[in-house]
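Engineer: Note that my numbering has the sequence shown beginning at 2, numbered continuously upward.
All C-beta atoms, glycine included, are put in the ideal place defined by N, C-alpha and C.
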Amino acid sequence: MASEVQAQQVDLKAQDKASLKTFSIYRWNPENPKKPELHEYEIDLKECGPMVLDALIKIKNEMDPTLTFRRSCREGICGSCAMNIDGCNGLACLTKIAPSSSVGATTITPLATHYKSIEPWLKRKSPPTEPGKEIRQSKKDRAKLDGMYECILCACCSTSCPSYWWNPETYLGPAALLHANRWISDSRDEYTKERLDAINDEFKLYRCHTILNCARACPKGLNPGKQITHIKQLQLGAGA
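And the structure:
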């Protein structure tokens, strides 16, 4: 009987140990000139939700209030919690905790500048035919925007792109170029030529080498590489 009790106790201890996970998190303090560091936090997954974001919230609430990260919807819609998790870019709210999970930071500083540079809004030359009303668009033309309008600007694609790592200041990157093609392809926009001319540059556009990390990293299942190829085809007069 005693041996059975001891065996049960050992088994329970093993189960408790198995539920403990260590998260190695990339930390950087802009007010401290030291190099970035990896801080480790051990949490019990039995007391935590299944997603990486659940673990981060638990760490911040119960262990280290200085831990700072972006989050909002928790539903994979807003893109706020994009980060590098075990070497892969993704949304913390959609990424399940895996054994030996480690959470790192994703630097997306140049993205806002590149995104703004492609002028992501409808531009018209002619006056509206029906002032105060939306510009009409056929179902066929509307369908051309599928695979682009769904982008949530989480930047998982751009930060997974080797070409973007090498040329972060000059190459616009998958996210910005996908949105550029979204407006180039919009039948209601009247600045197609100007948009194409603005990005017809060996660095802004042609640093894409179709590695397609962007498509693998996108949490919405989009393919920025396909959209970039379409822009290149238009530049050569072969697109439709």
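When you compare only the Cα positions, how much space is there between I26 and L39?
Structural biologist: For the purposes of this step, residue 26 is taken as the residue at position 25 of the sequence shown. For the purposes of this step, residue 39 is taken as the residue at position 38 of the sequence shown. Between I26 and L39, the C-alpha separation is close to 5 Å.
Engineer: Identify every run of the beta strand (DSSP E) within the stretch 22 to 86, keeping only runs that are complete inside it and at least 3 residues long; order them along the chain.
Structural biologist: 38 to 45, 83 to 86
Engineer: Take K117 as the anchor and find which of R71, L95, C79, G174 has the nearest alpha-carbon.
Structural biologist: If you number the sequence shown from 1, residue 117 lands on position 116. Closest by alpha carbon: G174.
Engineer: Over what stretch of residues does the beta strand (DSSP E) that includes C89 continue unbroken?
Structural biologist: Here residue 89 refers to the residue found at position 88 of the sequence shown. Taken as a continuous stretch (DSSP letters only), the beta strand (DSSP E) holding C89 covers 89 to 92.
Engineer: Based on the DSSP output, what are the partners of K97 in its beta bridges?
Structural biologist: Against the sequence shown, residue 97 aligns to sequence position 96. Bridge partners of K97: M52.
Engineer: Considering only residues of the same chain and omitting the five flanking positions on each side of P225, which have a CB-CB separation below 6 Å?
Structural biologist: Indexing the sequence shown from 1 puts residue 225 at position 224. C158, P175, L179, C215.
Engineer: E120: which of T160, D45, T193 sits nearest, CA to CA?
Structural biologist: For the purposes of this step, residue 120 is identified with residue 119 of the sequence shown, where counting begins at 1. That would be T193, whose Cα lies nearest to the Cα of E120.
Engineer: Please tell me whether L237 and L197 are closer than 8 Å, where the distance is taken between their beta carbons.
Structural biologist: As a first step, residue 237 must be located in the sequence shown, where it is residue number 236. As a first step, residue 197 must be located in the sequence shown, where it is residue number 196. Their beta carbons are not under 8 Å apart, which means L237 does not touch L197 by this criterion.
Engineer: What does a CB cutoff of less than 6 Å around T232 pick up in its chain, not counting 5 residues either side in sequence?
Structural biologist: As a first step, residue 232 must be located in the sequence shown, where it is residue number 231. Residue 232 is actually Ile in this sequence, not Thr. For I232, where only same-chain residues beyond five positions count, the Cβ hits under 6 Å are N182.
Engineer: Can you tell me where the alpha helix (DSSP H) holding C162 begins and where it ends?
Structural biologist: Against the sequence shown, residue 162 aligns to sequence position 161. No alpha helix (DSSP H) contains C162, which DSSP labels as neither H nor E.
Engineer: Is the number of C-beta pairs between the stretch 185 to 192 and the stretch 130 to 148 that are closer than 8 Å three or more?
Structural biologist: yes
Engineer: Out of curiosity, what's the CA-to-CA distance linking N30 and F70?
Structural biologist: Locating residue 30 in the sequence shown gives position 29, counting from the first residue. Locating residue 70 in the sequence shown gives position 69, counting from the first residue. Distance between the alpha carbons of N30 and F70 is about 13 Å.
Engineer: Suppose contacts are defined by Cβ-Cβ distances below 8 Å. Is G133 in contact with A218 by that definition?
Structural biologist: Walking along the sequence shown from the start, residue 133 turns up at place 132. Walking along the sequence shown from the start, residue 218 turns up at place 217. No, these two residues do not count as a Cβ contact at 8 Å.
Engineer: Tell me, please, whether the stretch 46 to 55 touches the stretch 78 to 93 by the rule of three or more beta-carbon pairs shorter than 8 Å.
Structural biologist: yes
Engineer: Can you give the Cα-Cα distance for N168 and Y207, rounded to whole angstroms?
Structural biologist: Walking along the sequence shown from the start, residue 168 turns up at place 167. Walking along the sequence shown from the start, residue 207 turns up at place 206. N168 and Y207: Cα-Cα distance of roughly 11 Å.
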